[in-house]
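> Here our numbering is used: the first residue of the sequence shown is 1, the next is one more, and so on. Note that beta-carbon positions come from the ideal geometry of N, C-alpha and C, so glycine has one too. Since the model is a prediction, treat every value here as computed from it, not as a measurement. This is the structure I want to talk about, given as structure tokens.
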Amino acid sequence: MKRRFVAPATKTVPTAYLTVDDAPSPELPAKLEILESAEVPALFFCEGRRLADYPEQARRAIEGGYHLGNHGYSHQHASECSPETFRSELERTDALIDEVYEQAGVDRPAKLFRFPYGDKGDENAEEFQRILESAGFVPPDPERIDYEWYRDCHTGDRDWFWTDDLEDWSLESRAELRERIESAANRLASPSPDIVLFHDAGTASDLFAELVGLLEERGVEFGAPLSLLP
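In structure tokens form, the structure reads like this:
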């Protein structure tokens with residue numbers, strides 16, 4: 001896939017890094033075709049249970065030049081997990097990701113993790129971060145995100161948090177997505193690059209095309225998410 005690369009520095013044009021949760025779904029190949037046609041790179045955070053059901057869809061993403069991250073096995077709230085359960089969720093999913101990369105004949109570039117619901121674990125949060133660090137998970141470099149709140153909240157953590165959640169899972173039409181992007185327009189046009197959260201499962205393919213079109217209408221360029229690594 002030919003990808004448009006945008007360096008993760010302070011931007012002179014709006015820059016978005018597309019991350020897609022709750023992958024893979026049966027409809028993922030259709031969504032990949034939309035992204036490929038628009039030359040939009042993306043990072044897919046995969047649930048282990050979905051990888052077990054749809055490994056071919058995940059392999060198709062890797063073969064298209066996309067990358068996979070870990071989103072836990074069963075999409076549990078981390079605040080409801082013990083450290084043992086969290087480690088199991090992480091390791092079971094990681095084994096499946098390794099398997100899909102091996103089947104695709106592609107070296108896994110990095111170990112990346114996003115907490116389901118953005119729930120970092122409450123009283124176990126520090127222990128979960130230690131587990132991620134010991135397992136070799138790598139976060140985006142917070143110094144490349146120019147939001148003070150992002151640096152204050154996430155510096156030192158090993159997971160991938162977002163700057164913009166479009167809550168696409170709740171949308172019922174393209175018109176609603178347009179309204180949501182318009183409401184976020186000022187934020188997306190800020191000096192900082194943005195990590196945009198979208199979803200695979202539960203989001204219709206046509207909304208992917210609408211998302212790309214609406215952001216590009218506003219002069220947003222898409223950068224490769226892994227370029228945000230330290």
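DSSP three-state label for Thr85, please.
Thr85: helix per DSSP, three-state reduction.
> Run the CB neighbour count on Val13, radius 10 Å, all protein chains shown included, and call it buried at 16 or more, exposed below.
By the 10 Å Cβ count, Val13 comes out exposed.
> Could you give the DSSP three-state label for Arg100: helix, strand or coil?
Per the sequence shown, residue 100 should be read as Val rather than Arg. Val100 falls in the helix class under three-state DSSP.
> Give the range of the alpha helix (DSSP H) segment to which Phe208 is assigned.
Start and end: Ser205 to Glu217.
> Name the residue from Asn70, Asp122 and Gly118 whose alpha carbon lies nearest to the alpha carbon of Glu99.
Closest option to Glu99, Cα to Cα, is Asn70.
> For Gly136, write down the residues that DSSP places opposite it in a beta bridge.
None; Gly136 has no bridge partner.
> When we look at the beta-carbon of Tyr117 and count the other beta-carbons within 10 Å, is it buried (16 or more) or exposed?
Tyr117 is exposed by the Cβ-count criterion.
> Would you call the stretch 93 to 111 and the stretch 57 to 77 touching, i.e. three or more CB-CB distances under 8 Å?
Flag = yes, the stretch 93 to 111 and the stretch 57 to 77 touch.
> Verify whether the separation of the beta carbon atoms of Pro140 and Asp157 is less than 7 Å.
No, Cβ-Cβ distance for Pro140 and Asp157 is not below 7 Å.
> If you reduce the DSSP assignment to three classes, tell me which class Ala78 lands in.
DSSP places Ala78 in helix when its eight states are reduced to three.
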